[in-house]
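All remarks here apply to the structure that follows.
Protein chains in written order, with this note's numbering: chain W, 1 to 178; chain X, 1001 to 1401.
Here it is in structure tokens:
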């Protein structure tokens, strides 16, 4: 991941990949597959749908690598493709028909996990867009600028979503505790 | 903030599955992605087969008992307890042209059952794959390459979609609308054309409207041969709806349209069967979290109604709206949107799975799930309510507890 963080459109590996070097492409994108999978899982709520969306994103990344703008970091660019692919899946008639509520599935409660269930419930009630931003920033530890690039929004909008999500989680937790 | 972050991450972590051998998964993905069409097609075929299997299982697992009762639940009241499960054992004996509701029989995981809209007849329906892409009456079923009737008889072959059926069935039950091209992988997008297709014949282009992009969805929300209208909706790549057009099918004339800036776009646009009413569902972005609303526009594009909840679908005549609170479990209802009268309410805490309008009738079929079912990954364990326009319960097919 460290390598992917620093790679942009002027990296030697990038040039090799654009020239058709599959090994270079794999070296570039490979470290991003796991976060991509986890992101897709959080959006689609289904492991197999997540794998399929991630694979499709890899295909598109391979095809579109030459379109990466100079200076654009690779990770948010690739995650943006994953996000868009997942959005497309969510919009299909099939997905809507079997709609998994917001694709975020709260964990089953266990006697020692009441607090986690509370936060999971609160998360499940968050607007989808806000939860997406929170997942990228908290769970995948993307900086605000990369969250913004991955979601195709401005940095201030990304910051606003994360702030709003945090703000909403606290009253929810208070309510649950009451 | 650190405590919150840790708790949030714990919750996110618990919602993640065990991906197993990640190196193996990664290698398989790259191999498939980089070896071109063959591998991708293989994956797609695998997906299609999986979807078909899931569909059959979904429909089959979803139901338990079938009850006909003449009671009318109060909007807030719980449904009457159901009778003992009675899985179907004989084939539904109605003509292939009779509209039916398809559902599943949990006692037989691979069995699809159907019932007539009056709830009087039910039985096994030996439908072919493609059940999810049936016309409103469930008399014809399409895949990306063929159309069959309910008995499985081939009706027509053609190119009906790149990966899956891309059409939106018309209300004449015979034709469907589609956007061409099905896909566009290049940059910048290409003009999209609304077409109407009569199975067995070449598509007829109606009008160029919107564009097809790689990451943007342009879809037909309503296709009405009977009302001579269609509604086309184009989304933003980043989510939300960008614009929609109401089109006269016979002339291609754009009757009215609404376009939105990205920051003010509705989360979803839903059209009535005949394209006469269009609901714009908006996320409020404010507390309370469930506070989303829907504004309904009439035949000429003027605002005709507003609801505090989202409109997810309309009854066939457009007078009733299936409502919920967005994509989270909340109150599901059937509402006369003109005067706000709640005709029927689901038990509290249920989430809408899907709905269907009775063709040329007034009843609505509504599938609902509990929050518990949703959280434990059981999206197919739905209760099916068939509700008459006056709120009377026509049928209840109880899902898995």
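Note that beta-carbon positions come from the ideal geometry of N, C-alpha and C, so glycine has one too.
- At least one C-beta of chain W is nearer than 8 Å to the C-beta of residue 1022 (chain X).
- Contacts with chain W at 8 Å (Cβ-Cβ) do not include residue 1280 (chain X).
- Taking a contact to require three or more Cβ pairs closer than 8 Å, the segment 150 to 159 of chain W and the segment 44 to 57 of chain W do not qualify as touching.
- Checking the DSSP bridge columns, you'll see residue 1241 (chain X) partnered with X:1235.
- Annotated three-state conformation of residue 159 (chain W) is helix, per DSSP.
- When Cβ-Cβ separations below 8 Å define contact, residue 1026 (chain X) makes contact with chain W.
- Taking the Cα positions, residue 1267 (chain X) is about 31 Å away from residue 1398 (chain X).
- Cβ contact annotation for residue 42 (chain W) (same chain, cutoff 6 Å, sequence separation greater than five): 135, in chain order.
- With contacts defined by Cβ atoms closer than 8 Å, residue 1355 (chain X) and residue 1119 (chain X) do not form a contacting pair.
- Nearest to residue 1273 (chain X) by C-alpha distance, out of X:1315, X:1105 and X:1304, is X:1315.
- Of all residues in the segment 65 to 90 of chain W, only 67, 84, 87 and 88 place a beta-carbon less than 7 Å from a beta-carbon of chain X.
- One alpha carbon belongs to residue 32 (chain W), the other to residue 1148 (chain X), and they sit about 43 Å apart.
- In the three-state reduction of the DSSP assignment, residue 30 (chain W) falls in the helix class, which pools H, G and I.
- Counting only runs of 3+ residues, the beta strand (DSSP E) found wholly inside the segment 1090 to 1118 of chain X occupies 1100 to 1104 and 1112 to 1116, in chain order.
- Around residue 55 (chain W), the beta-carbon contacts reaching into chain X at under 7 Å are 1029, 1032, 1033 and 1043.
- Annotation: the continuous alpha helix (DSSP H) that includes residue 1034 (chain X) extends over 1022 to 1034.
- Distance check between residue 1264 (chain X) and each of X:1280, X:1017 and X:1359 places X:1280 closest, using alpha-carbon atoms only.
- Annotation: residue 1226 (chain X) to residue 86 (chain W) spans about 35 Å, alpha carbon to alpha carbon.
- Between residue 1135 (chain X) and chain W, the shortest Cβ-Cβ separation is not below 8 Å.
- Taking residue 1166 (chain X) as the centre and dropping the five residues before and after it, the same chain places the C-beta of 1178 and 1182 closer than 6 Å to its C-beta, in chain order.
- Put simply, of W:120, W:81, W:77 and W:16 the residue whose alpha carbon is nearest the alpha carbon of residue 1015 (chain X) is W:120.
- In this structure residue 1333 (chain X) is buried. Its beta-carbon is surrounded by 16 or more other beta-carbon atoms within 10 angstroms.
- In the structure shown, residue 1174 (chain X) adopts coil according to DSSP, grouped into three states.
- Selection X:1207, X:1145 and X:1137 evaluated against residue 1360 (chain X) yields X:1137 as nearest (Cα-Cα).
- For residue 51 (chain W), the closest Cβ of chain X is nearer than 8 Å.
- In the three-state reduction of the DSSP assignment, residue 62 (chain W) falls in the helix class, which pools H, G and I.
- Given a length threshold of 4 residues, each whole run of the alpha helix (DSSP H) inside the segment 1304 to 1385 of chain X is given here in chain order: 1371 to 1375.
- With fewer than 16 other Cβ atoms from the protein chains shown falling within 10 Å of its own Cβ, residue 1095 (chain X) counts as exposed.
- Note on geometry: alpha-carbon atoms of residue 1168 (chain X) and residue 15 (chain W) lie some 44 Å from one another.
- Contacts with chain W at 8 Å (Cβ-Cβ) include residue 1019 (chain X).
- With respect to residue 1211 (chain X), residue 1222 (chain X) sits apart: the two C-beta atoms are not nearer than 8 Å.
- Proximity of residue 1243 (chain X) to chain W, defined by a Cβ-Cβ separation below 8 Å, is not satisfied.
- Take residue 1389 (chain X), set aside five residues on each side of it, and the residues of its chain with a beta-carbon closer than 6 Å to its own are 1362, in chain order.
- For a Cβ distance threshold of 8 Å, residue set 1012, 1015 and 1016 of chain X lies close to residue 42 (chain W), ordered along the chain.
- Setting aside the 5 residues that flank it on each side, residue 1101 (chain X) is surrounded in the same chain by 1115 and 1365, each with a C-beta closer than 6 Å to its C-beta; the list follows chain order.
- Within a 10 Å sphere around the beta-carbon of residue 1303 (chain X) sit fewer than 16 other beta-carbons, which makes this residue exposed.
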